[in-house]
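Chains as they are written, first to last, in the working numbering: chain Y, 58 to 336; chain Z, 9 to 349.
Now the structure itself:
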């Protein structure tokens, strides 16, 4: 697929269909890749796609919104691009989506297939401008079993679990900075006047940061796992983002990134809305 | 001063240290995160030199350090000094971590200035290092004059595993000698072949380190390359989080803030800060000399391999490779500085 991908990007750049192409290239060893930014057709040979291409490149579109960009997307990453278009962050016509068939990606830290890849319905990408390769979608739908199991725990157990996680947090903000929908130029976590969040790094403050971020991305988060895999101390943020996806689905029958014209649940009102999320 | 300590006696040594001090050693949790955690008993030590996700730096240079508390009462304002630091032992760190202390000790004791918060803690810290048997693909400690898998810089006691499972122990400092003298029953005379075994261990470990940089040559290129077009594109993948700086054994930048609990009680806290953050250089009034993400990205490399070398004659890096591993987009510090032309 690499050859095909390189040729396509070379063509798009040469024909000026895109000023920048964002793809993947090899990083420090055979288990790691980095996002690659290419604007010279002759440099397209650096690009590749393999099971270590874990990053969601959709998040870079916010940075290059003034340019025409070609972006390499796994099926799941396309949801991010659509969500950002829905949020009017850039125009659909400025983005060329190169969908790559994907058999799942592996976390470089654990060597394990990501949980989201197990029951993936978009191994074969949908909605791309160009699609490379073929893959067979999982017949089973996305499972929320792990979240349902966690929900059954007592409040005390849940509190203890998250207390332990947030004690580990070093507030490096990797989770926020890789998040495609966390693009506020002035994040509440960094405001000093007024100071919403103390710079003091301790479990309570860290928890406040994560909980507010989760609230902010509800109905927008596509559960892409970028935050989870970015965490340098392995906090399972995926459990929270998956809970968001589950709630959006169960309470509002809504799925982020599915429709570029949709209104997200928290910015619309319907008399029939569930009120079970109101504490 | 060289000795031998058996595998069994390592546990006895830990038990003895635990009786008097708080001991931090690499501990793995349910999420497979390896961090320096408080040991409850000798049995909790996993028994190998693991590369922790974050460094031991945060045990001496706290991520959030209370400088003092302020209390307003009927008798006016009272300032409460922080408690005296306790005696701690950092056990089983790698030589790259131990050397990190050696690098920042100089910074926190620069010329006539002594940072008392850090220095007081460091004085009460004993660093017991285990030579590194398993360098990873991200490691490059041998690029540094004082680096290497069996290097003793920054350690008080260095333990190098031997083929028979015992450890060759070298007391490097007074604190290290004290550990040995207080536990003299656990140490025996080093066998004659111990130094040869250490040399073999060193060779075996060093062959696993795939990259060696010519840092002197890179240093010469850095200043003239400040305005180079190279920086315009190399920073693009960087997401500007602070993971690289917070897992670094040598990054030391901080910010001082007030934390108010209520109208009567507050605290002044020193927190780690990161040059990757936009507000790092934002001044009162809003002027920011490093608004551009390119400038912030460049700063990290310039500081580590250029400015710090000018001031301290050594790099602000130990080659532990944690920044490469922790980077969410796998940016390789070695590649970045090697790419400077």
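For glycine and all other residues, C-beta sits at the position ideal for the given N, C-alpha and C.
In the displayed model, residue 263 of chain Z falls within a strand according to three-state DSSP. Interface flag for residue 75 of chain Z against chain Y is unset, since no Cβ pair is found closer than 9 Å. At a cut-off of 9 Å between beta-carbon atoms, residue 247 of chain Y makes contact with chain Z.
Neighbours of residue 253 of chain Y in chain Z, taken as residues whose beta carbon is under 7 Å from its own, are absent, since the nearest beta carbon is some 13 Å off.
In the DSSP assignment, the residues bridged to residue 92 of chain Y are Y:81.
Of all residues in the region 191 to 215 of chain Y, none places a beta-carbon less than 9 Å from a beta-carbon of chain Z. Taking 9 Å as the cut-off, the Cβ atoms of residue 136 of chain Z and residue 101 of chain Z count as close. C-alpha of residue 61 of chain Y to C-alpha of residue 106 of chain Y: approximately 11 Å in a straight line. Between the alpha carbons of residue 69 of chain Z and residue 333 of chain Z lies a gap of roughly 22 Å.
In chain order, 79 place their CB closer than 6 Å to the CB of residue 117 of chain Y, counting only its own chain and leaving out the 5 sequence neighbours on each side.
Within the region 239 to 251 of chain Z, those residues whose Cβ lies closer than 7 Å to any Cβ of chain Y are, in chain order, 241, 244, 245, 247, 248, 249, 250 and 251.
Counted as a single uninterrupted DSSP element, the beta strand (DSSP E) harbouring residue 79 of chain Z occupies residues 72 to 81. With a contact defined as Cβ atoms closer than 8 Å, residue 204 of chain Y and residue 296 of chain Y qualify at about 7 Å.
Residues are counted here when their Cβ sits less than 7 Å from a Cβ of chain Y; for the region 131 to 157 of chain Z these are 145 and 146, given in chain order. Put simply, of Z:196, Z:161 and Z:156 the residue whose alpha carbon is nearest the alpha carbon of residue 218 of chain Z is Z:156. For residue 233 of chain Y, DSSP records no beta bridge to any residue. Under a 10 Å Cβ-count criterion, residue 118 of chain Z is classified as exposed, with fewer than 16 other Cβ atoms of the shown protein chains found around its own Cβ. Between the alpha carbons of residue 327 of chain Z and residue 320 of chain Y lies a distance of about 49 Å.
Inter-segment contact for the region 14 to 31 of chain Z and the region 259 to 274 of chain Y is absent: fewer than three beta-carbon pairs are separated by less than 8 Å. In the displayed model, residue 160 of chain Z falls within coil according to three-state DSSP, outside both helix and strand.
By alpha-carbon distance to residue 60 of chain Z, the top candidate from Y:309, Y:317, Y:303 and Y:290 is Y:290. Within chain Z, the residues 338 and 340 have their CB atoms less than 7 Å from the CB of residue 84 of chain Y, given in chain order.
Between the C-alpha atoms of residue 131 of chain Y and residue 240 of chain Y there is a straight-line separation of about 21 Å. Looking only at Y:220, Y:318 and Y:309, the smallest Cα-Cα distance to residue 327 of chain Y is reached by Y:309. Here the region 221 to 235 of chain Z lies against the region 334 to 349 of chain Z, with 3 or more beta-carbon pairs under 8 Å apart. In the DSSP assignment, the residues bridged to residue 88 of chain Z are Z:77. Shown here, residue 13 of chain Z sits in a strand according to DSSP, grouped into three states.
The Cβ atoms of residue 113 of chain Y and residue 315 of chain Y do not sit closer than 9 Å to each other. Excluding five sequence positions before and after residue 58 of chain Z, the CB atoms of its chain that fall closer than 7 Å to its own CB belong to 34 and 42, given in chain order. Residues of the same chain with a CB within less than 6 Å of the CB of residue 201 of chain Y, apart from the 5 flanking positions on each side, are 303 in chain order.
Each residue's CA atom was taken as its position, placing residue 262 of chain Z and residue 312 of chain Z some 16 Å apart.
If you look at residue 197 of chain Z, you'll find it in the beta strand (DSSP E) that goes 195 to 197. Of the residues assessed, residue 206 of chain Y falls on the exposed side of the cut-off, its CB having fewer than 16 other CB atoms within 10 angstroms.
Along the length of the region 291 to 346 of chain Z, whole alpha helix (DSSP H) runs at least 4 residues long occupy 301 to 310, 316 to 320, 330 to 334 and 341 to 346, reported in chain order. Taking the beta carbon of residue 229 of chain Y as reference, the chain Z residues within 9 Å of it are 249, 250, 251, 252, 253, 254, 255, 282, 284 and 334, listed in sequence order. Residue 287 of chain Z belongs to the set of residues whose beta carbon lies under 9 Å from a beta carbon in chain Y.
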